[in-house]
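Trainee: Sending over a structure as structure tokens; questions will come in a sec.
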């Protein structure tokens, strides 16, 4: 015996519709409500046609004046639109629907829909998870032997800063009531740029140092020899125990590796080093998962006039990072090491 759909049940059908067929939607709905009489695909078809035509799931009145669309019906329409196009911005939705952005955000917040951020990750090759797990297990063993181990590593990296700014990742959102763990392998491009080398050593920022032109092995060696390592000298005579770099080609030159063998015998991390750095692992370097994003968010808070202005903004922003923040970054690295082991070497950035 058929049973009339309630308003709540009609709303549910619209929200779960997506791009699926009416038969699949009906089967999904029936599985969710095993105690009620099942609905047919024809019922789904009529309901969705009504929604597309009127923007409402309610039946039209038999006679008399048509009632104004209620706030609840507006909410259903908004959620259905975002369900079909989750990457749509609230600005675009506002222009298309005539609903204010404030009202849109209120509707999304009321129904616990969240704007999940786009995470930029590199594709892992077949043996990468094993190499990431091996490195994470080595780091875990070191931490068990010395809880202060993380603060004894000098993490390093280079990044490009563009005068005309970068793609603002804050604008990339995926609206949903559940985290879709959405990953996008896109890459930023730009015109005039400044290449920056920077390091994190415990509660200190090392650098930044600016690199002219393209970085090659000879220039990288000169940077380490003339600028980076002399800057590490402290009044207490301390020096990093380990040095970390990724597998970028300039880092792997024979002279560079020989120099690191002298400075950090058996204690440097990198491609072809005593401790192999796992490739395609920006989620395991504090500069990638914290520093570069933090710097770019602050640096581009104002319009950049020229290269000199860009360099000044980078210097000022680095100087403003507190030791307490960097200590938290070290703790975050240790958490990521554990998660890498837990997830068998897969990327963990998008699940944090």
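Residue numbers (the numbering used here): 1103 to 1454. Where a beta carbon is used, it is the ideal one built from N, C-alpha and C, also for glycine.
Can you tell me whether residue 1408 is helix, strand or coil according to DSSP?
Mentor: Of the three classes helix, strand and coil, the one that applies to residue 1408 here is coil, per DSSP.
Trainee: When the Cα atoms are used, what is the spatial distance from residue 1365 to residue 1398?
Mentor: Looking at the two C-alpha atoms, the distance is approximately 31 Å.
Trainee: Which partner residues of residue 1427 appear in the DSSP bridge assignment?
Mentor: Answer is none; residue 1427 lacks a bridge partner.
Trainee: Which residue's Cα is closest to the Cα of residue 1233: 1404, 1425, 1372?
Mentor: Residue 1233 has its Cα closest to that of 1372, out of 1404, 1425, 1372.
Trainee: So, with DSSP's three-state summary, where would you put residue 1309?
Mentor: Correct three-state label for residue 1309: strand.
Trainee: When burial is assigned at 16 or more other CB atoms within 10 Å of the CB, is residue 1356 buried or exposed?
Mentor: Label assigned to residue 1356: exposed.
Trainee: Can you give me the start and stop residues for the beta strand (DSSP E) that residue 1118 sits inside?
Mentor: It is not in any beta strand (DSSP E) - residue 1118 carries neither H nor E in the DSSP assignment.
Trainee: So which of 1352, 1161, 1394, 1412 has the shortest CA-CA distance to residue 1149?
Mentor: Here the closest residue by C-alpha is 1161.
Trainee: Please state if the CB of residue 1304 and the CB of residue 1420 are separated by a distance shorter than 8 Å.
Mentor: Cβ atoms of residue 1420 and residue 1304: not closer than 8 Å.
Trainee: Assign residue 1197 to buried or exposed, taking buried as 16 or more other Cβ atoms, counted over all protein chains shown, within 10 Å of its Cβ.
Mentor: So residue 1197 counts as exposed.
Trainee: Which residues does DSSP pair with residue 1261 in a beta bridge?
Mentor: Paired residues: 1298.
Trainee: Decide yes or no for the touch test of the segment 1387 to 1401 against the segment 1250 to 1260: beta carbon pairs closer than 8 Å, at least 3 of them.
Mentor: Short answer: they touch.
Trainee: To the nearest angstrom, how far is the alpha carbon of residue 1217 from that of residue 1430?
Mentor: Each residue's alpha carbon lies about 25 Å from the other.
Trainee: Relative to the alpha-carbon of residue 1235, which residue among 1382, 1396, 1193 has its alpha-carbon at the smallest distance?
Mentor: Nearest option by C-alpha distance: 1382.
Trainee: Round the Cβ separation of residue 1308 and residue 1333 to the nearest angstrom and send it over; I've been treating them as touching at under 8 Å.
Mentor: Rounded, the Cβ-Cβ distance is 6 Å, consistent with contact.
Trainee: Report buried or exposed for residue 1347, applying the criterion of at least 16 other Cβ atoms within 10 angstroms of its Cβ.
Mentor: Buried is the call here.
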